[in-house]
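For reference, the structure is listed below as structure tokens.
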Amino acid sequence: AMRHLPFFCRGEVVKGFGRGSKELGIPTANFSEQVVESFPSDMSTGIYYGWACVGNGDVHKMVLSIGWNPFYKNIKKSVETHIIHSFKDNFYGEILSIVIIGCIRSEKNFSSLEALISAIQEDIEEAKRQLDLPEHLKLKEDNFFHLPEGKTVNH
Ligand code: ADP
Ligand code: MG
Numbered sequence: 001a002m003r004h005l006p007f008f009c010r011g012e013v014v015k016g017f018g019r020g021s022k023e024l025g026i027p028t029a030n031f032s033e034q035v036v037e038s039f040p041s042d043m044s045t046g047i048y049y050g051w052a053c054v055g056n057g058d059v060h061k062m063v064l065s066i067g068w069n070p071f072y073k074n075i076k077k078s079v080e081t082h083i084i085h086s087f088k089d090n091f092y093g094e095i096l097s098i099v100i101i102g103c104i105r106s107e108k109n110f111s112s113l114e115a116l117i118s119a120i121q122e123d124i125e126e127a128k129r130q131l132d133l134p135e136h137l138k139l140k141e142d143n144f145f146h147l148p149e150g151k152t153v154n155h
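Spelled out as structure tokens, the structure:
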């Protein structure tokens, strides 16, 4: 499964299942079903880290979950990105660009909400540490996120 990494992906942010992740302080930007289906089928469910960019905005650290989607009775995967940055507004409908670099852990069940939240906090800390490594930092500058200077779209 790791042979797919780094994995570059771009797509629209859609409304999710609304399971209250914002209330937990951990909003996750969901990709559409179409984008999820473009993922390699043998990419394991679990928590990953990488870089993310909304529209033409700055590139930020992110943690990403590939999991089973209860809305589709767990027969379809969901891919959700938590960007490690405070945004003033929602960005539904915008284009999210990500590069998935590495895996943190596989999908787990938690006995309590507190246990879930603290696991996610640990995932975020691990992502921050990993992404500070020089070999991971360099992907932040990848042309995938920004058109080279002097070039414009539609020309
Ligand atoms: P949904 O179930 O619709 O995905 P969430 O509670 O997971 O709802 O919130 C996700 C939405 O919050 C994103 O689609 C985005 O518009 C917004 N958002 C604001 N800040 C962030 C962030 N730091 N990371 C991800 N999404 C964010
Ligand atoms: Mg979400």
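Per full-length UniProt numbering, the sequence shown starts with residue 1, numbered consecutively.
Just so it is clear, CB atoms sit at the ideal spot from N, CA and C, and this is done for glycine as well.
The structure displayed is predicted, hence computed values, not measured ones.
Using a 10 angstroms sphere on the CB of residue 87, the tally of other CB atoms stays under 16, which defines it as exposed.
Counting C-beta pairs closer than 8 angstroms gives three or more between the stretch 76-94 and the stretch 25-40, which meets the contact rule.
Rounded to the nearest angstrom, the gap between the Cα atoms of residue 11 and residue 58 is 16 angstroms. Here the alpha carbons of residue 100 and residue 45 stand approximately 13 angstroms from one another.
Sorting 3, 51, 24 by C-alpha distance to the C-alpha of residue 128 places 51 at the top. The DSSP-derived three-state label of residue 21 is coil. Within its own chain, the residues whose Cβ lies closer than 7 angstroms to the Cβ of residue 69, once the five positions on either side in sequence are excluded, are 76, 77, 78, listed in chain order. Relative to residue 35, the option among 19, 66, 25 whose CA is nearest is 66. Within the UniProt domain "Riboflavin kinase" (2-132), the runs of alpha helix (DSSP H) that reach at least 4 residues and sit entirely inside it are, in chain order, 33-37, 113-131. Within the same chain, and ignoring the five residues on either side of residue 74 in sequence, the residues whose Cβ sits closer than 8 angstroms to its Cβ are 68. Distances from the CB of residue 48 to the heavy atoms of the ligand ADP are all 7 angstroms or more.
DSSP places residue 141 in no alpha helix (DSSP H); its state is neither H nor E.
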